[in-house]
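Numbering (the numbering used here), first residue to last: 1 to 134.
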């Protein structure tokens with residue numbers, strides 16, 4: 001994998017693509033919460049449901065790809081950046097941040113095959129077809 005400057009990605013880079021995506025998702029969610037009051041009830045409910053689903057999903061994916069510690073640290077930098085000052089918006093933002101932290105922290109580190117240079121999990125453990133724990 002290479003970044004935009006066409007240099008190989010290094011695991012110590014602070015701008016891992018998954019972390020960049022997580023940052024963008026959190027930023028978009030914060031701005032999305034700011035405009036919820038302008039939406040009709042049905043639309044607002046759909047947007048809130050999407051936020052509550054998408055943000056933790058992106059957080060867990062970032063934790064899987066870049067490491068839980070890095071994902072949680074990225075999310076926690078957003079904790080103080082509240083949406084507007086409305087109580088309901090603040091409560092929703094706090095809920096989003098908490099669920100994102102929980103999703104990222106729940107990701108267990110996986111072993112990677114050195115031959116794949118960290119591009120995915122190692123093969124399934126012996127005795128299981130899918131890698132599921134028994």
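Note that the Cβ used here is the ideal one computed from N, Cα and C, for glycine as well.
With a 10 Å radius around its C-beta and 16 neighbouring C-beta atoms as the bar for buried, classify residue i as buried or exposed.
| i | result |
| --- | --- |
| residue 32 | buried |
| residue 77 | exposed |
| residue 43 | exposed |
| residue 25 | buried |
| residue 98 | exposed |
| residue 73 | exposed |
| residue 108 | exposed |
| residue 46 | exposed |
| residue 88 | exposed |
| residue 58 | buried |
| residue 65 | buried |
| residue 53 | exposed |
| residue 101 | buried |
| residue 91 | exposed |
| residue 49 | exposed |
If you follow the alpha helix (DSSP H) that residue i is part of, which residue opens it and which one closes it?
| i | result |
| --- | --- |
| residue 27 | 17-34 |
In this structure, does DSSP put residue i in helix, strand or coil?
| i | result |
| --- | --- |
| residue 38 | helix |
Report the residue ranges of all beta strand (DSSP E) runs contained in full by the segment 43-106; include only those spanning at least 3 residues, in chain order. none
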